[in-house]
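For the sequence shown, counting from 1, position 39 maps to 994 in our numbering; every step adds exactly one. Contents: one structure, followed by commentary.
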Amino acid sequence: MSNLDIAGHSLAAGKTIKDHIHVRGTEIHIPHVVLCGKKPGKTVVITAGIHNAEYIGIQAAIELSQEIEPDDISGNIVIIPLVNRSGFENRTMSYVYEDGKNLNRVFPGNEDGTVAEKLAKVVFDEFIIHADAYIDLHCGDGFETLEPYIYYVGEAPCKTVAKEMTDCVDTKYRVRSRCISSGAYNEASMRGIPSVLIERGQLSLIKEEEVKADKRDVVNILRYLGVLEGQHDIYPKIDILEYSNDAPATGCWYPKMKVGDSFREGDIFGEIRDYFGKVIHTAVATEDGVLIHQCSSLSIIKDGPMVTYGVATLPQ
């Protein structure tokens, strides 16, 4: 794709742009960096902080924007290091501050909608839709532990390239997502833009080795796409389908497993107890699988995240 203009910026070879774009009807200004290579090639968009308390991706994106030089790029790299800025600055634990919405459930957005919907609209229309490939960085929220894994959309018209992008990421597990809407990378995928979502890090902690791992993965994908020079590495994967069990009640959560644990049908994920210590729900596995994501705080909220697990499937 030939991109002459992104977010109002004309792309000129060798140019570096650091700017903000205003989300009309809000007080939000989205920081972004555009790195214009000296040679022609693909345009890759990288986002972080769609969930604002997922700090590993945010820090990795900031560092990548400082470390990659236009002289080394064939094409363009567009980095939004912090999408949900108002959530970050008000520490809302991954919801948009003004309307309490999960930003990654409202893409491609609506310019006449709530603040989250307006924000999604600008990010999608001004940045993502112009991409030849898209990388979205996530991790576990402040109450979540997580085994590193990567998503691609299994029904997308561009799934072959997206799956090859996942091969470049150093995680054990790969989720073939069946969700085709509402998330940024899901919507991009269904429009023919090869897209992946990397999950690494947990509990809103910053760990240098995880930031470095995210950066290595992004650079490796960029090498595969020909945007950066160098041989890309390939990492074997276990392919899984993802299933989530939300909490049926509010109370105190006592997990019995750790992320990365394999389990069998009938094993107990954990218990929800009331404030007198009485068990009000026992979460039991209904099939064999591996635990990839779970609530790890004492507080658990009805209809909120409890456990997410993967079931092995054949590669497609």
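The beta carbon of each residue, even a glycine, is placed where N, CA and C say it ideally should be.
I1255 places its beta carbon less than 8 Å from that of A1202.
Pairing G1012 with L1092 gives a Cβ-Cβ distance under 8 Å. Of all alpha-carbon atoms in A1008, H1006, V989 and R1146, the one lying nearest the alpha-carbon of V999 is that of V989. Fully enclosed beta strand (DSSP E) runs of no fewer than 3 residues occupy 1150 to 1154 of the region 1147 to 1195, in order along the chain. Cβ neighbours of C1113 within its own chain (closer than 7 Å, five residues either side excluded): S1144, G1147, I1148 and P1149. In the three-state scheme derived from DSSP, where H, G and I count as helix and E and B as strand, Q1249 is classed as strand. The residue among V1051, G1095, S1137 and Y1128 with its C-alpha nearest the C-alpha of Q1157 is G1095. Per DSSP, G1095 has no beta-bridge partner at all. Inclusion of S1137 and R1060 in the CB contact set at 8 Å is warranted, their separation being smaller than that value. The three-state secondary structure of F1082, taken from DSSP, is coil. In the DSSP annotation of this structure, A1139 is not part of any beta strand (DSSP E); the continuous alpha helix (DSSP H) holding it starts and ends at A1139 to M1145. Per DSSP, reduced to three states, the secondary structure at A1202 is coil, with no helix or strand assignment. Straight-line spacing of the CA atoms in M1048 and L1037 works out to 14 Å. Taking C-beta separations shorter than 8 Å and ignoring five residues to either side along the sequence, E1164 has no partners in its chain. In the displayed model, P1063 falls within coil according to three-state DSSP, outside both helix and strand.
For the 8 Å CB-CB criterion, H987 and A962 form a contact. A distance below 8 Å between beta-carbons, with the five flanking residues on each side excluded, links T971 to the following residues of its chain, in chain order: V988, V989, L990, C991 and P1025. Spatial neighbours of P1270 in its own chain (CB-CB distance under 6 Å, excluding positions within 5 residues in sequence) are listed in chain order as D1194.
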